[in-house]
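Visitor: This note's numbering puts the first residue of the sequence shown at 16, with every later residue one more than the last. Idealized CB from N, CA, C, for every residue including glycine. For reference, the structure I am asking about is given below.
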Amino acid sequence: MDENTLKIPSDVRAKALQTMNEESMENVARKRFSPEKIEIFNGSLTSLQTLNEYRFLKDTEAERMLPGIINNPVQQVITDPNPDENAKAKFSKPRHIGVVFSGGPAPGGHNVIAGLFDEMKRFNSASKMFGFIKGPEGLLENRYIEITPELVDTHRNMGGFNMIKTGRTKIDSGSKMELALTVCKGLNLDALVIIGGDDSNTNAAFLAQHFKSSGIKVLGIPKTIDGDIQVKTEDGKVLCATSFGFHSAARAFAQNIANLANDGSSDIKYWHVCKVMGRVASHLTLETALQTHVNIALIGEELADYVDQDRMVKSLAQGGQMDYNAYGMTLRHLSRVICDIIVRRAAFGKNYGLMIIPEGILEFINEIQVFITKLNKIIADYNRIHDLDFHRTFSTLNEKLDYLRRISQGMMDKGRFPIWNIRDDELFNQLPGFFREGLLVERDLHGNFQFSQVKTEKIIMDMVKEYLDVLREQGLYKVGILRDDYVSLMDGAGMDPDLFAPALFKNPQDKYVLVKPDIISLKTLKIALVHAGMLDDEEQIPAVLVNIFRKSQADFNIQTHFYGYDGRGTDPTYFDCCYAYNLGLTAFHLITGGATGQMAAIINLEKDFHQWQPAGIPIARLMHLEERKGRLELVMEKSLVDLESNAFKVFKAVREEWVAACACPDQFRNPGAIGFSKEMEEDRPLTLRLNALQSQEQT
């Protein structure tokens, strides 16, 4: 294109740039929005009260490795009605506090910093806050910025972690911890606050232990959109109902999925298959399903808990032997369950729909989990024994498969029972090539299988398509035709609809009529008409009947979508704005109270705002041994969907209504756009609201 055609007058260019760079009115309003503060923080000074009624099991390995913080109690932040001079001095002293974003971003992170910053400055304007750039990497490399009021104001109530960036560097050795301590001492820090997920809070616990003798306090903040940081005591009392960021991500996903519901209900030809983040737990799937009322939502924890009762009864009747394969949902059975819903909806003219699956659903499928566990062990052993990287040594799929084949043949394992046997090899080679390659992808930094790199939805939907083809050939997968439409078409062609209906349909008087199962082609259609005396052998099938037959033919078309990174970067909801801000306030008051090795939390988060209680939870008591990269490591435990929770029970009770396999409207729900107004926004996630109903009944 000629450059001259691109030139515009300088004054127009300036106005155009100004127009494009203007900040939206919504963003301006967002940055001016002041989150609600828990009433305690509207007062003056606070103190920490030990809550002995909350008890946790003590892991012996955690006790050995974290002796300085293992006996931390749960501490509640309470108002100090009569502070003495020492208490006043403790609050008013100038402080230096460091903050770190760790792991993936989550909506609300900037508000944690804002709450901590505002409270720090409220008590002493000379206090300083330092943000380490790119997460733990910045802490180790002494790269930081001083956080200013202008910087905080720019990011209030806004999504992302872009104020100081984030990273996934692990501080997992004594030398790294000592280096981090040196950096913190150089800045004369009083405290370090780590904003992150389960692994990041694990880091916080080990740093708190290492920093303890220096007097530098270390606190964690519960962050993850997956919602798998939930804290319950050994007797089931809830201390932390969810992490910040979960609600915002779920709402962002739900809004997009609701838009797909509008699309699907308009052109009525696609099944939209939505994969949402959640490698270990299905909290996001459950919340987005409750928000949108999709036709199918697969909860991984339920699949893992599944027992095939028919198979169990059959095995016991045949020989009295327990069939352990009856435990856990198989991929094949899962595809049949999905097909059943698709076929039932199609019978009422709804050959479209919405489905949500969690990113890590394969981890809940027993047959796949066996492969993952074995392959993790094989890869970890190879790396350890040979001091080489498995994926660098065997760069192609064929090279990896050849190595597995040699193990199965006993060529690489001197033990009597090799971990990878001939049966494993046979079953593995029956999987699609892309799936085998996916199961052999390089593990992440924590040694976990990277489910996001495997097209989970493709694996499941390919099996669904295959079985739907079988059902179509059997005449069982057909699209129901509204009888009024059938009558209109026949009347328009000058033919008697009541005369032909019994020959065409298995349910000729219903609101939605289904072409008989044995009519699967134009040839079989003609046979049926001739057999019913409606047509002679030599006659052509009337065009209107050909049209009706073709309308009954079911084509299965899907559109796949992955929702993850968009939810991590969305702006926070009103709930997350307030929740994260109060976590920042809580962190400051825990610091002034001398707490270390604690995770800032809000008790009663699932209840009304006026019942929220700021507290500190001992991280060391939340840790247990877990296999990482083929060896046991002490980590913070993730929380799965509780199948006995009120939220899941409600979902289970109403999901058949959402299938809407009847002559009724779809039940799709549109939660609307994310806002930050108390009057217009829901005050907490639906899962929390439903669970609160249960707790109110119990009290």
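According to the neighbour-count rule (16 or more other Cβ atoms, all chains shown, within 10 Å of its Cβ), is A616 buried or exposed?
Guide: Classification for A616: buried.
Visitor: In chain order, which beta strand (DSSP E) runs of at least 3 residues are fully inside the stretch 624-658?
Guide: 628-633, 638-643, 646-651, all fully within the stretch 624-658.
Visitor: Give, in chain order, every unbroken run of the beta strand (DSSP E) that is at least 3 residues long and sits entirely within the stretch 17-71.
Guide: Within the stretch 17-71, the complete beta strand (DSSP E) runs of at least 3 residues are 61-66.
Visitor: By the DSSP assignment, the alpha helix (DSSP H) with L346 in it spans what residues?
Guide: First-last of the alpha helix (DSSP H) with L346: 346-361.
Visitor: Quick one: residues in its chain with C-beta nearer than 7 angstroms to the C-beta of Y501, no 5 flanking neighbours on either side, listed in chain order?
Guide: Within the same chain, Y501 has close Cβ partners P512, V528, I563.
Visitor: What residues match up with C255 in a beta bridge as DSSP calls it?
Guide: In DSSP, C255 forms a bridge with V246.
Visitor: Helix, strand or coil: how does DSSP classify K232 here?
Guide: Strand.
Visitor: Which residue from N42, H125, K227, K247 puts its Cα closest to that of L620?
Guide: Nearest option by C-alpha distance: K247.
Visitor: By Cβ distance below 6 angstroms, which residues in the same chain neighbour R699 in space, the five residues on each side in sequence not counted?
Guide: F590, listed in sequence order.
Visitor: When the distance is taken between beta carbons, is S142 closer than 8 angstroms to R110?
Guide: In contact: R110 and S142 (Cβ atoms closer than 8 angstroms).
Visitor: Who are the near neighbours of Q713 in its chain, counting only those whose CB is closer than 8 angstroms to its CB and skipping five residues on each side?
Guide: Note that Q713 scores a pLDDT of 49, beneath 50, so its modelled location is shaky; the value from the coordinates is reported in the next line. Hits under 8 angstroms: none found.
Visitor: Candidates A668, F116, G548, S567: which alpha carbon is nearest N366's?
Guide: Of the candidates A668, F116, G548, S567, the one whose C-alpha sits nearest the C-alpha of N366 is S567.
Visitor: For chain B, find out if any of its Cβ atoms is closer than 8 angstroms to the Cβ of H625; answer yes or no.
Guide: The displayed structure is made up of one protein chain only, and chain B is not part of it.
Visitor: Could you give the distance in angstroms between the alpha-carbon of L649 and the alpha-carbon of S410?
Guide: The straight-line gap from Cα to Cα measures roughly 31 angstroms.
Visitor: Mapping the DSSP letters down to three states, classify S710 as helix, strand or coil.
Guide: At S710 the pLDDT is 48, less than 50, meaning the model places this residue with poor confidence and gives no usable figure here.
Visitor: Going by DSSP in three states, Q489 sits in which element: helix, strand or coil?
Guide: If DSSP states are grouped into helix, strand and coil, Q489 belongs with coil.
Visitor: What does DSSP give as the partner residue(s) for E161 in the beta ladder?
Guide: DSSP, once it has assigned bridges, lists F145 as partnering E161.
Visitor: Could you round the C-beta distance between G453 and A362 to whole angstroms and report it? I think they count as a contact, below 8 angstroms.
Guide: The Cβ separation is near 35 angstroms, so there is no contact.
Visitor: Exposed or buried, which one is K73 when buried takes at least 16 other CB atoms within 10 Å?
Guide: It is exposed - the Cβ of K73 has fewer than 16 other Cβ atoms within 10 Å.
Visitor: DSSP three-state label for G425, please.
Guide: The answer is coil: DSSP assigns G425 none of H, G, I, E or B.
Visitor: Could you compute how far the alpha carbon of K667 sits from the alpha carbon of Y321?
Guide: Straight-line Cα distance between these residues: approximately 14 angstroms.
Visitor: Out of L483, G509, N522, state which residue places its alpha-carbon closest to the alpha-carbon of L497.
Guide: Selected option, being the one with the closest Cα: N522.
Visitor: For V114, report the span of its beta strand (DSSP E) as first-last.
Guide: Note, V114: beta strand (DSSP E), 111-116.
Visitor: Taking the alpha-carbon positions, what's the G113 to I210 distance?
Guide: Straight-line Cα distance between these residues: approximately 11 angstroms.
Visitor: In the DSSP assignment, find the alpha helix (DSSP H) that holds V674 and state where it starts and stops.
Guide: Counting along the chain, the alpha helix (DSSP H) containing V674 begins and ends at 661-674.
Visitor: In angstroms with no decimal places, state the Cα-to-Cα distance between D552 and H546.
Guide: The straight-line gap from Cα to Cα measures roughly 10 angstroms.
Visitor: Mind checking which residues open and close the beta strand (DSSP E) that includes G211?
Guide: Note, G211: beta strand (DSSP E), 206-211.
Visitor: Taking 8 angstroms as the cut-off, decide whether the C-beta atoms of I53 and N597 are in contact.
Guide: Cβ distance < 8 angstroms, so I53 and N597 count as in contact.
Visitor: In the structure shown, what three-state DSSP assignment does G368 receive?
Guide: Three-state result, G368: strand.
Visitor: Can Y594 be considered in contact with the ligand MN, in the sense that its beta carbon sits closer than 7 angstroms to one or more heavy atoms?
Guide: Summarising the ligand content, the structure contains no ligands, and the ligand MN is consequently not present.
Visitor: Does the beta-carbon of P24 have 16 or more other beta-carbons within 10 angstroms, so that it is buried, or is it exposed?
Guide: Result: exposed.
Visitor: Give the DSSP-derived three-state secondary structure of Y594 in the structure shown.
Guide: Note: Y594 maps to helix in three-state DSSP.
Visitor: Note down, in chain order, each residue of its chain lying with its Cβ closer than 7 angstroms to the Cβ of I632, except the 5 sequence neighbours on either side.
Guide: Same-chain partners within the cutoff: V89, V246, L254, C255, Q613, M614, A616.
Visitor: Taking A518 as the reference, give the member of M510, T197, K531, T257 with the closest Cα.
Guide: Nearest of M510, T197, K531, T257 to A518, Cα basis: K531.
Visitor: Going by C-alpha distance, which of I236, T588, T611 is nearest P686?
Guide: Among I236, T588, T611, the Cα nearest to that of P686 belongs to T588.
Visitor: On the DSSP letters alone, give me the boundaries of the alpha helix (DSSP H) that I393 sits inside.
Guide: Counting along the chain, the alpha helix (DSSP H) containing I393 begins and ends at 381-401.
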